[in-house]
Structure formats: structure tokens, C-alpha cells
Amino acid sequence: MILRKFRKPLIKHQGAALVTALVFMGILTMLGVSSMRDSTVDLKIHNSMNNRLNAFQCAEAALRQGERFILRSPEQLDDTQTGIPDPATFSVWVSDTDELDNMVNELDAWWILNGVLDAALTNANVQIGCAVPARYLVQSMGGAGNSSDDLSFKAEAKSQVNGYRISSRSEGVSSSAAIILQSTFTRQFN
């Protein structure tokens with residue numbers, strides 16, 4: 001018996017496989033570039049949110065430090081001085097000063113001049129991640145209960161209740177994220 005080799009004749013594909021492979025590679029390249037672009041955008045958003053969160057944490061720490069400043073005061077805080085108050089004498093800003101009207105739009109240089117930087121907020125061992133140290137200022141909002149004509153529920157208190165507005169400002173890792181927080185704090189003085 002004689003075995004014959006059967007050979008298939010060679011068929012030319014005329015480049016169809018090459019074109020299909022190139023189209024497939026082009027699609028995969030576009031998917032890869034698109035996912036890298038999305039990853040880059042996600043990273044930018046994450047860094048921006050982290051920057052804002054760090055600024056918020058520093059400003060909140062300064063706000064709490066302002067509340068501690070009021071609580072440390074042995075007596076009612078002095079709001080009779082003019083000019084920049086001195087924290088060593090427990091003096092604060094008056095409620096109707098024109099200098100505080102536009103504090104939201106003020107830059108860091110204004111806050112360095114007018115705000116309080118407490119040493120308790122600066123700790124070399126703990127880095128929250130702020131470009132500049134957070135600052136706060138305390139503004140007197142007046143009191144209640146010190147007048148016999150005052151008909152509010154606070155007037156019935158045995159001692160003076162004073163309200164204070166605490167404002168704090170901080171920046172994140174870069175100066176592009178500046179946060180200003182305000183809080184109202186009351187304290188009863190005997």
C-alpha cells in the first residue's frame with residue numbers, strides 16, 4: 001500500500017489577519033490610555049480632597065483652641081480695647097469693628113497680623129499637613145442677663161452669660177485650599 005501525502009494548497013489571506021490584529025491592538029491601546037487618564041483624574045481629585053481635609057482639620061483645631069482660650073479666662077474677657085487684642089491680657093475683638101467685616105476674603109498676611117497663633121497648635125512631632133500654622137481670633141458678641149430690662153430667658157440667670165464668635169483660618173498642603181470656620185461659644189461668668 002502506498003501512502004500518499006495529501007497537501008493542502010496554500011491559500012493567501014491577503015493581509016486580513018494583519019488588519020484585524022491592528023484594529024484589535026488599536027482598541028486595546030485606546031482602552032489603556034482612557035483608563036490611565038481616568039486614573040490621573042482620580043488621583044488629582046483625591047489629592048485635592050486630601051488638601052481640603054487637612055486644611056479643615058487644622059482650622060478645626062484652631063477653633064477648639066479658641067474655645068479653650070475662652071474657658072481658661074479667669075474672668076470676663078475684655079472687649080473694650082481698640083486695635084489688635086492681646087491674648088496675654090485676655091482681651092478680644094469688639095463685636096462692631098470694621099476690621100472683621102471682610103475677614104473671609106483676607107489673605108494669610110492679614111491673619112498673621114490679627115489672628116492668634118497658639119503654641120499648642122504647633123507640634124513638630126505631629127504633622128497634620130498644613131502649609132501655614134492655623135490661626136484663630138475671638139470676637140465678643142455681647143452678654144445677656146446683665147440688665148434689669150432684659151426680658152430674655154438668659155436674664156433670669158444669676159450671673160452674666162457672654163457670647164463669643166470664634167473664627168479660624170488654615171490652609172492645606174498648598175495655599176490653594178484655604179478654610180475659614182466660625183463657631184459661636186457662650187460662657188457664664190460669676
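The numbering of the sequence shown is UniProt numbering, which starts it at 1 and goes up by one. C-beta: ideal position from N, C-alpha, C; glycine also. No experiment lies behind these values; they were computed from the predicted model shown.
| query | result |
| --- | --- |
| For F69, count neighbouring Cβ atoms within 10 angstroms of its own Cβ and tell me buried if that reaches 16, exposed if not. | buried |
| Residues in the same chain with beta-carbon distance under 6 Å from A17, minus the five sequence neighbours each way, listed in chain order, please. | none |
| Since S167 sits in a beta bridge, which residues does DSSP pair it with? | L137, Q182 |
| Regarding E60 and the ligand GDP, is the C-beta to nearest heavy atom distance less than 7 Å? | No copy of the ligand GDP appears in this structure; indeed no ligand is present at all. |
| Leaving out the 5 sequence neighbours to the left and right, which residues in its chain are closer than 8 Å to K8 when beta-carbon positions are compared? | none |
| Using alpha carbons as the reference points, say which of S183, C130, L22, V19 lies closest to V173. | C130 |
| Based on the DSSP output, what are the partners of F189 in its beta bridges? | Q160 |
| Output the distance between the C-alpha atoms of K5 and M25, rounded to the nearest integer angstrom. | 39 Å |
| What separation, rounded to the nearest whole angstrom, lies between the Cα atoms of M30 and I45? | 23 Å |
| Let's test the definition: count the other Cβ atoms within 10 Å of the Cβ of R169 and tell me whether it reaches 16, buried, or not, exposed. | buried |
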